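> Supplied in structure tokens, the structure appears directly below.
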Amino acid sequence: MTLMPPPKPLGLLRLDEPEPTSYPSRCLGETGLFPQGMIAEVVEGVSVPDILHDRPHVRGAYLRAARRLQQRGCSGIVSNCGYSVLYQTAISSAVDIPTITSSLLLLPLLAAVTPSNQKIAIICFDSTALSDAHLKAAWPQVDCDNIAKIGIEGTAAWQMINRSDAVYDWNLIGSTLNDLCDNSSLSENVGAVIVECCAFTPFVRDVQSRLRCPTLDIFSTLRALLSQQ
Numbered sequence: 002m003t004l005m006p007p008p009k010p011l012g013l014l015r016l017d018e019p020e021p022t023s024y025p026s027r028c029l030g031e032t033g034l035f036p037q038g039m040i041a042e043v044v045e046g047v048s049v050p051d052i053l054h055d056r057p058h059v060r061g062a063y064l065r066a067a068r069r070l071q072q073r074g075c076s077g078i079v080s081n082c083g084y085s086v087l088y089q090t091a092i093s094s095a096v097d098i099p100t101i102t103s104s105l106l107l108l109p110l111l112a113a114v115t116p117s118n119q120k121i122a123i124i125c126f127d128s129t130a131l132s133d134a135h136l137k138a139a140w141p142q143v144d145c146d147n148i149a150k151i152g153i154e155g156t157a158a159w160q161m162i163n164r165s166d167a168v169y170d171w172n173l174i175g176s177t178l179n180d181l182c183d184n185s186s187l188s189e190n191v192g193a194v195i196v197e198c199c200a201f202t203p204f205v206r207d208v209q210s211r212l213r214c215p216t217l218d219i220f221s222t223l224r225a226l227l228s229q230q
């Protein structure tokens with residue numbers, strides 16, 4: 002009998018910040034999330050403020066971390082920050098394995114199936130930092146006028162994460178997202194929602210139930226593009 006080789010693990014590009022002491026269900030750091038396992042490489046010197054402002058060292062740090070993941074035998078690469086979509090092409094060119102930097106890569110698919118008179122909403126960490134360049138990195142033909150962006154900037158949860166020694170208070174993040182959905186106009190003329198921030202993934206079902214429209218995140222992207230569970 003010929004034994005099949007064990008499946009190769011998925012590689013995670015993780016921001017350089019203190020790792021939370023625990024993760025809620027359906028979060029990229031959760032133990033046992035993928036049957037083939039996951040190994041992480043820290044994107045050295047890159048925290049949330051660095052990537053939000055596209056500081057000069059960020060691109061090179063991502064490329065080096067991606068190459069390390071390939072050398073460690075990963076089957077594919079995923080990032081834990083949706084703003085890294087800005088480096089999608091560069092990372093994909095630097096390695097020979099599938100790479101998914103952001104849920105924003107689903108934009109072309111959603112645009113194809115969403116009625117033309119409805120917008121695609123993006124719930125992100127900081128809407129002021131999500132530029133047209135990020136959207137075009139995910140989809141060069143994007144119609145930015147048909148995108149609605151909303152973020153948690155200015156909130157207590159945002160302040161705790163937007164620092165080099167980020168702190169993730171999961172209860173606070175969840176309640177902040179609930180308030181965001183309840184107090185925004187996102188449900189008006191929106192046909193689909195993309196959740197950009199990977200820290201928001203544990204709360205996607207709550208978001209969807211409040212907005213009552215298809216809501217996709219990094220896990221939806223993995224299932225669509227890498228056949229992950």
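Count the sequence shown with our numbering and you get residues 2 to 230, in order.
Where a beta carbon is used, it is the ideal one built from N, C-alpha and C, also for glycine.
As the structure is a computational prediction, the values presented were derived from the model and not from experiment.
Could you please give the first and the last residue of the uninterrupted alpha helix (DSSP H) stretch that includes I78?
Residue mapping note: residue 78 aligns to position 77 of the sequence shown, counting from 1. First-last for I78: G77 to S80, but that is the beta strand (DSSP E), not the alpha helix (DSSP H).
> In this structure, does DSSP put I98 in helix, strand or coil?
The residue given as residue 98 occupies position 97 in the sequence shown. Correct three-state label for I98: coil.
> CA-CA distance, V49 and A130?
Within the sequence shown, the letter at position 48 stands for residue 49. Within the sequence shown, the letter at position 129 stands for residue 130. Going by the C-alpha atoms only, they are around 11 Å apart.
> Take the Cβ of D218 as the centre, count every other Cβ of all protein chains shown within 10 Å, and call the residue buried at 16 or more, exposed below.
Here residue 218 corresponds to residue number 217 of the sequence shown, with the count starting at 1. Flag for D218 reads buried.
> To the nearest angstrom, report how far apart R261 and S117 are at their CA atoms.
Since the displayed the chain opens at 2 and closes at 230, residue 261 lies outside it and no answer follows.
> Quick one: what does DSSP say G74 is sitting in, helix, strand or coil?
Position 73 of the sequence shown, counted from the start, is the residue given in the question as residue 74. Of the three classes helix, strand and coil, the one that applies to G74 here is coil, per DSSP.
> Among residues of its own chain, excluding the 5 on either side of N190, which ones have a beta-carbon nearer than 8 Å to its beta-carbon?
Walking along the sequence shown from the start, residue 190 turns up at place 189. Result list for N190: N118, Q119 and K120, in chain order.
> With K9 as the anchor, note down where its beta strand (DSSP E) starts and where it stops.
Locating residue 9 in the sequence shown gives position 8, where the first residue counts as 1. Per DSSP, K9 belongs to no beta strand (DSSP E) and is neither H nor E.
> Can you find at least 3 beta carbon pairs, one from the segment 63 to 83 and one from the segment 97 to 105, that sit closer than 8 Å?
yes
> Have a look at A139, S128 and L53 and flag the residue whose alpha-carbon is nearest the alpha-carbon of S93.
Position 92 of the sequence shown, counted from the start, is the residue given in the question as residue 93. Taking only the C-alpha atoms, the option nearest S93 is A139.
> Measuring straight from C-alpha to C-alpha, what distance separates Y24 and G74?
What you label residue 24 is simply residue 23 of the sequence shown in a count that begins at 1. What you label residue 74 is simply residue 73 of the sequence shown in a count that begins at 1. Cα to Cα, Y24 sits roughly 25 Å from G74.
> Would you call the segment 45 to 65 and the segment 163 to 179 in contact, with 3 or more CB pairs under 8 Å?
yes
> Please list, in chain order, all residues of the same chain as P8 whose beta carbon is under 6 Å from its beta carbon, the five residues on each side excluded.
Taking the first residue of the sequence shown as position 1, residue 8 is located at position 7. Answer for P8: Q37, listed in chain order.
> Grab me the residues of E45's own chain with a C-beta within less than 8 Å of its C-beta, minus the 5 sequence neighbours each way, in chain order.
Your numbering for residue 45 matches position 44 in the sequence shown. Result list for E45: D17, A62, R65 and A66, in chain order.
> Are the Cβ atoms of L70 and E42 separated by less than 8 Å?
For the purposes of this step, residue 70 is taken as the residue at position 69 of the sequence shown. For the purposes of this step, residue 42 is taken as the residue at position 41 of the sequence shown. Their beta carbons are under 8 Å apart, which means L70 touches E42 by this criterion.
> With H, G and I counted as helix, E and B as strand and the rest as coil, what does DSSP make of V208?
Walking along the sequence shown from the start, residue 208 turns up at place 207. Looking at V208 - three-state DSSP - the assignment turns out to be helix.
> Which word fits Q89, buried or exposed, when buried means at least 16 other C-beta atoms lie within 10 angstroms of its C-beta?
Locating residue 89 in the sequence shown gives position 88, counting from the first residue. With 16 or more other Cβ atoms within 10 Å, it is buried.
> Applying the 10 Å Cβ sphere with the 16-neighbour rule, what's the burial state of C145?
Mapped onto the sequence shown, residue 145 falls at position 144. It is exposed - the Cβ of C145 has fewer than 16 other Cβ atoms within 10 Å.
> Run through DSSP, which three-state label would P21 get?
Within the sequence shown, numbered from 1, the residue matching residue 21 stands at position 20. Three-state result, P21: coil.
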